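Student:
See below:
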């Protein structure tokens, strides 16, 4: 009986360790057109993951996110937008509505993904990983729309920025510059 309990404990500890070893590239997610995509296609790139909303006080950050994406994309950087209606019902539209809004209002060219929760038990797996497993020093729930997660070329979480830190803030741009100069291991 003790051996069985020991083996069960080892199994759960091992599962936790394997889970902690994940990178951004381990996820498949539906894009804004509901087609499943592997994030492996971004391997070797620096990525800024952002939970977005169309009717938020931070929505104008779309403009800065697009500018950031355009400025650094030739060097291996991109923004990934993940719409969510978790905060103040500020993303009530469908994926089609969101896509149209982003195109017409901000001419977004960076990838957008299907609207899904980023908090709680129903949080999409990418955000469950980012907020619980990616880096033990940066855990905790997403607090509002336009929270940002900077991922290095190896798919690991480097920094997390609250909504009020704008995409053009030097805290973000300096870190992007440093990551773009570094080599993927």
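In the working numbering, the protein residues as written are 49 to 233. Built from N, CA and C at the ideal position, the CB exists for glycine as well. Since we're looking at a predicted model, the values are computed, not measured.
1) Between residue 110 and the rest of its own chain, which residues show a CB-CB distance below 6 angstroms, the 5 nearest in sequence each way excluded?
2) Run through the segment 83-156 for me and flag every whole alpha helix (DSSP H) of 4 or more residues, listed as ranges in chain order.
3) Can you say whether residue 168 is buried or exposed, counting buried as having 16 or more other CB atoms within 10 angstroms of its CB?
4) How should residue 99 be labelled, buried or exposed, when 16 other C-beta atoms within 10 angstroms of its C-beta is the threshold for buried?
5) Drop a sphere of 10 angstroms on the beta-carbon of residue 162, count the other beta-carbons inside from all chains shown, and report buried for 16 or more, exposed for fewer.
6) With H, G and I counted as helix, E and B as strand and the rest as coil, what does DSSP make of residue 202?
7) Residues bridged to residue 196 by DSSP?
8) Between which two residues does the alpha helix (DSSP H) holding residue 174 run?
9) So, helix, strand or coil for residue 78, using DSSP?
10) Who are residue 160's beta bridge partners in DSSP?
Tutor: On the basis of the data shown:
1) 154
2) 109-120 and 143-154
3) exposed
4) buried
5) buried
6) coil
7) 98 and 209
8) 173-180
9) strand
10) 129
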